[in-house]
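*Asks:*
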Amino acid sequence: MSLPVRKASAKFQQVTKNLKEITAHPVDLTKVRIENPIGCVQVPVGLAGPLWVWETGTSGEEVEEVYAPLATTEAALVASCCRGCKAFNRSGGIHIVALRDAMSKVPAFIFDSPANALAFAQEVPTLQGELKRLAESTSRRIQLLSVTPTVVGSATHVHFNYTCGDATGQNMATIATHRACHELLLDTPLSEDLKIRGFQFDAGMSGEKKAGWSHVQQPRGVEAMAWGMISNEVAGDLLGCSTEALYQVLIRAQAGAVRVGEFGYSCNAMNVVTAIFIATGQDVASIGESCWTQLTPEYNFATKVLTLSLYIPSLPVGVVGGGTHLGPQREALGIKKCIGPGMKRRLAALITAFALALDLSTAAAVTNDTFSQAHAGLRRKPDDATAKL
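If you want the numbering used here, it's the position in the sequence shown, counting the first as 1, plus 23.
1) What is the DSSP secondary structure of Thr197, counted as helix, strand or coil?
2) Please determine, among Cys108, Lys40, Ala387, the residue with the shortest C-alpha to C-alpha distance to Leu262.
3) Using C-beta distances below 6 Å, list every residue in its chain close to Ile219, excluding the 5 sequence neighbours before and after it, in chain order.
4) Assuming Leu74 contacts Ile117 under a Cβ cut-off of 8 Å, what Cβ separation, rounded to an integer in Å, is found between them?
5) Starting from Glu88, trace the beta strand (DSSP E) both ways and give me its first and last residue.
6) Leaving out the 5 sequence neighbours to the left and right, which residues in its chain are closer than 8 Å to Leu207 when beta-carbon positions are compared?
7) Could you tell me which uninterrupted beta strand (DSSP E) segments, each at least 3 residues in length, are contained entirely in the stretch 90-166, listed from first to last along the chain?
8) Any heavy atom of the ligand FMN inside 8 Å of the beta-carbon of Gln166?
9) Does the Cβ-Cβ distance between Ser177 and Ala140 come in under 9 Å?
10) Exposed or buried, what is Arg369 when buried is set at 16 or more other beta-carbons lying within 10 Å of its beta-carbon?
11) So is Asp210 buried or exposed if we call it buried at 16+ other beta carbons inside 10 Å?
12) So, at 8 Å on beta carbons, what are the nonlocal neighbours of Asn112 in its own chain, with the 5 sequence-adjacent residues on each side left out?
13) Buried or exposed, going by whether 16 or more other CB atoms sit within 10 Å of the CB of Asn255?
14) Rounded to whole angstroms, what's the CA-CA distance from Leu273 to Pro320? Just pull it up for me.
15) What's the call for Gly304, buried or exposed, on a 16-neighbour Cβ count within 10 Å?
16) Please tell me whether Ala199 and Ser162 are closer than 9 Å, where the distance is taken between their beta carbons.
17) Can you tell me which residues form a DSSP beta bridge with His180?
18) Along the chain, where does the alpha helix (DSSP H) that runs through Gln271 open and close?
19) On the three-state DSSP scale, how would you describe Asn255?
20) Where does Met248 sit, in a helix, a strand or coil, going by DSSP?
21) Taking its Cβ as the centre, do 16 or more other Cβ atoms sit within 10 Å of Arg275, making it buried, or is it exposed?
22) Please classify Leu52 as buried or exposed, where buried requires at least 16 neighbouring CB atoms within 10 angstroms.
23) Of all the options Ala226, His205, Tyr270, which has the alpha carbon lying nearest to the alpha carbon of Thr390?
24) By DSSP, does Asn323 sit in helix, in strand, or in coil?
25) Under the rule that 16 or more other beta-carbon atoms within 10 Å means buried, what is Ser21, buried or exposed?
26) Answer with buried or exposed for Glu84, where buried requires no fewer than 16 other C-beta atoms within 10 angstroms of its C-beta.
27) State whether the stretch 226-240 contacts the stretch 85-102, with contact taken as three or more CB pairs (one from each stretch) at a distance under 8 Å.
28) Looking at the unbroken alpha helix (DSSP H) that takes in Pro336, where does it start and where does it end?
In C-alpha cells:
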C-alpha cells in the first residue's frame, strides 16, 4: 500500500534530517537524473600507472603512456595494479585491441502454438528492413545490425543487435526496439496476420546486467583483448618469483576454476573493471555482463618468457550518456584520454589492459605467498595512505 505524497515526503525528511556526510554534497538536478535525491556518496580514487600500451592506429602500432583512475575502498588494489604496470613496462608494455561492439535487446512475441511461433520466425528476415528503418528513426547514433529469432515453446524471442556510437546504448536500444516492435508488429493489422497474441519486452534472453554465456558468443558492449610478455629477470626483480613458477600457479588455478565451474577465469580482473566503471560514470550493474573473462598464460621453456593475455568479450561502456557527463567522471575519462569521437572502444581496451596488470601482480603475490601480507600491511598503516607508489 503506497503512502500519500505528503506522508512519504515527511518520512524522507525524517530519514535524512540527521545525515551529515551524504547531504554535504548536494545533487545538481539539472545533471543528475535519479529519483528522491538526497546527496552523494564519495568513493576514494587512486591513480594506477603509468602503463605503456601499444595500440593500432592509422600509422600502425603506436606506444603510449597511460594512467587509470580507480575508484575503490579496497587497500592494496591500486598498489598491486601499479606493480603489474611496472613489470609489463620493463618487459615492453601491453598490446591492446578492441574487437566487436554491439548492444542488444531481446523481446518475445507470444503465440497460441509452437507452430505459429515457428511461422513467425520464418517471416522475421523479410521484416528486417522495416524494423531497421523504425529503430534507427529514434536516434542518429543507433544502427541495427541484425534481427535473429529464437523459438522457445509458443514464443519467438527476437534478438535485436545494434551499434550505438560512443554511448553504451542500453537505453538507446530499449527505445529503438520498443518503437520498431509496436509500430510494425503490434499496433498494426500485421499482428493479426502473423497471429501474434502477446508481447513481452524482456523475456529473459537479453541477459542484461546478468552473467550469461550469450555475452561470450556475442558481445553486449565492447569485446576487448590485451596481452604482454614478462621476462624471467623482470619477474625475479619486481615480482619476487620466476616466470615458470607464475605459469604453474596460473595453470593450477585454471584447473581449480574448472572443477568448481567458474564462469571463465582470471585472478581478479573485475576489481579493476568495477573501479574504472565507478570512476568514469559507467553503469556499475553492467559488471554482471562483463564478468566472464579469460586469462591465458603461455610459457616458453627455452627463453623463460611468460606471455599473458586477457580477453573480455563484453564491456558495456560509453564515453557519452549516463554518468559520463558529470564533472569528476568527465575528468576521469580525460585522464585516460577517452573523451571524443571513437573513444568508447579505446576505453574498453584500456580497462582490459589495467585488469591484466592487476592479474599479473595478484598471481605473483599468490606465487610468493605475499597476498595476505600485502593486504594486511597496506590496510593497517593509515599513516602511509598518502605515500606515493
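Glycine is no exception: its CB is placed at the ideal position from the N, C-alpha and C atoms.
*Replies:* Quick look at the numbers:
1) In the structure shown, Thr197 sits in a helix (DSSP, three-state: H, G or I).
2) Measuring C-alpha to C-alpha distances from Leu262 to each of Cys108, Lys40, Ala387 identifies Ala387 as the nearest.
3) Sequence-distant Cβ neighbours of Ile219 in its own chain, meaning closer than 6 Å and more than five residues away, are Phe132.
4) By a beta-carbon distance limit of 8 Å, Leu74 contacts Ile117. Their separation comes to about 6 Å.
5) The continuous beta strand (DSSP E) containing Glu88 extends over residues 83-94.
6) The residues are Leu150, Glu153, Leu154, Leu157, Leu213.
7) As for any beta strand (DSSP E) of minimum length 3 sitting wholly inside the stretch 90-166, the runs are 117-128, 131-133, ordered along the chain.
8) This structure simply doesn't include the ligand FMN, nor any ligand for that matter.
9) Yes, the pair counts as a contact, with Cβ atoms nearer than the cut-off.
10) By the Cβ-count criterion, Arg369 is buried, with 16 or more other Cβ atoms from all chains shown falling within 10 Å of its own Cβ.
11) Asp210 should be labelled exposed.
12) These residues qualify, in order along the chain: Pro73, Leu74, Trp75.
13) Classified as buried, Asn255 has 16 or more neighbouring CB atoms from the shown chains inside 10 Å of its CB.
14) Cα to Cα, the separation comes out at about 7 Å.
15) So Gly304 ends up on the buried side.
16) Taking 9 Å as the cut-off, the beta carbon of Ala199 is found closer than this to the beta carbon of Ser162.
17) Answer is Ala131, Thr173, bridged to His180.
18) That run of the alpha helix (DSSP H) goes 266-282.
19) Look at Asn255 here: in three-state DSSP terms it is helix.
20) Strand, per DSSP.
21) An exposed status is given to Arg275, since fewer than 16 other beta-carbon atoms sit within 10 Å of its beta-carbon.
22) By the neighbour-count criterion, in which a residue is buried when 16 or more other Cβ atoms sit within 10 angstroms of its Cβ, Leu52 is exposed.
23) The option with the nearest alpha carbon to Thr390 is Tyr270.
24) Asn323 falls in the strand class under three-state DSSP.
25) Past the boundaries of the shown model lies residue 21; the chain is included only from 24 to 412, so the question cannot be answered.
26) Exposed.
27) As far as the Cβ criterion goes, the stretch 226-240 does not touch the stretch 85-102, which means the pair count is below three.
28) For Pro336, no alpha helix (DSSP H) segment is defined; the enclosing uninterrupted segment is the beta strand (DSSP E) at 328-338.
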